[in-house]
Amino acid sequence: AQSVTQLGSHVSVSEGALVLLRCNYSSSVPPYLFWYVQYPNQGLQLLLKYTSAATLVKGINGFEAEFKKSETSFHLTKPSAHMSDAAEYFCAVSRHYGGSQGNLIFGKGTKLSVKP
Amino acid sequence: DARVTQTPRHKVTEMGQEVTMRCQPILGHNTVFWYRQTMMQGLELLAYFRNRAPLDDSGMPKDRFSAEMPDATLATLKIQPSEPRDSAVYFCASGLGTDTVPSSYNSPLHFGNGTRLTVT
Chain E
1 AQSVTQLGSH
11 VSVSEGALVL
21 LRCNYSSSVP
31 PYLFWYVQYP
41 NQGLQLLLKY
51 TSAATLVKGI
61 NGFEAEFKKS
71 ETSFHLTKPS
81 AHMSDAAEYF
91 CAVSRHYGGS
101 QGNLIFGKGT
111 KLSVKP
Chain G
117 DARVTQTPRH
127 KVTEMGQEVT
137 MRCQPILGHN
147 TVFWYRQTMM
157 QGLELLAYFR
167 NRAPLDDSGM
177 PKDRFSAEMP
187 DATLATLKIQ
197 PSEPRDSAVY
207 FCASGLGTDT
217 VPSSYNSPLH
227 FGNGTRLTVT
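So the sequences go chain by chain: E and G. Number 43 in our numbering belongs to position 43 of the first sequence; there are no gaps in the numbering. Number 233 in our numbering belongs to position 117 of the second sequence; there are no gaps in the numbering.
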């Protein structure tokens, strides 16, 4: 069965510092992995996705993530944090591989705070 | 900019009352998901539809929850009777998918802003 674990429910960084949000997955089949961002009182928005092409995936707002099969990880990074990056970030894995069932299993989320 | 619309944004009701939440998916999207978000459990999938047909509702308490798509522009989630433990934010999401290419793979899921439900 597929699952994701996000290490750290809350991460705080200074503006301009590196952002690193950790995600480890468990999957019995080649996984499809996603990062979503949720701003207060809003729904989730897709940041980036890994679907077995390049292992380094670039997303919106300067974020990127690297798929490492040996470490079963898909950590999200951004070289320089901006105040507007403060939000909650969710890692997700597709529940089923192929077929008509592509719903997602989400991690518990990591709330990112950015200090001026 | 096309978006998923959910109504109401907030709902406060008393235990035992019926609650109906509505979702208007993005025009042309054929897959609709209902998720529930709580502090304790995070995001849980309740049900999802492809071309208005329910594909999976195993995450939904069957005795009190029901989900339907009366037409392609409307999805509903009903709770009857509601209980305090149903208090959560309920999200609807829509996407494009086929039988061989699930919606989350080739096109992003678009989420609504959610319905915050409080049952007292």
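Glycine is no exception: its CB is placed at the ideal position from the N, C-alpha and C atoms.
- Closer than 7 Å to the CB of G:Leu159 there is at least one CB belonging to chain E.
- Residues Ala81, His82, Met83, Val114, Lys115 and Pro116 of the same chain have their beta carbon placed closer than 7 Å to that of E:Glu15, with the five preceding and five following residues left out of the count.
- Per DSSP, the unbroken beta strand (DSSP E) holding E:Tyr36 starts and ends at Leu33 to Gln38.
- Here DSSP, grouped into helix, strand and coil, assigns E:Glu15 to coil.
- If you ignore the 5 residues before and after G:Asn146, its C-beta comes within less than 7 Å of the C-beta of Arg166, Asn167, Leu212 and Gly213, all in its own chain and listed in chain order.
- Short of 7 Å from the beta carbon of G:Leu233, and not among the five residues preceding or following it, lie these beta carbons of its own chain, in chain order: Lys127, Val135, Asp202, Ser203, Ala204 and Tyr206.
- Within the stretch 160-181 of chain G, contact with chain E at the beta-carbon level (separation under 8 Å) is assigned to Leu161, Tyr164, Arg166, Leu171 and Asp172.
- Under DSSP, G:Ser210 shares a beta bridge with G:Val148 and G:His226.
- Around G:Met176, the same chain offers Leu162 and Ala163 as residues with beta carbons nearer than 6 Å, after the five sequence neighbours per side are excluded.
- Per DSSP, the continuous beta strand (DSSP E) segment holding G:His126 begins and ends at His126 to Thr129.
- Beyond the five residues adjoining it in sequence on each side, E:Val13 comes within less than 8 Å, by CB distance, of Val19, Ala81, Leu112, Ser113, Val114 and Lys115 in the same chain, given in chain order.
- One thing to note: G:Asn229 has its Cβ no nearer than 7 Å to the Cβ of E:Gly107.
- Interface annotation for the stretch 126-150 of chain G against chain E: Phe149, criterion Cβ-Cβ distance under 7 Å.
- The alpha-carbon separation between E:Ser70 and G:Thr231 amounts to approximately 40 Å.
- Around the beta carbon of G:Arg152, 16 or more other beta carbons sit within 10 angstroms, so the residue counts as buried.
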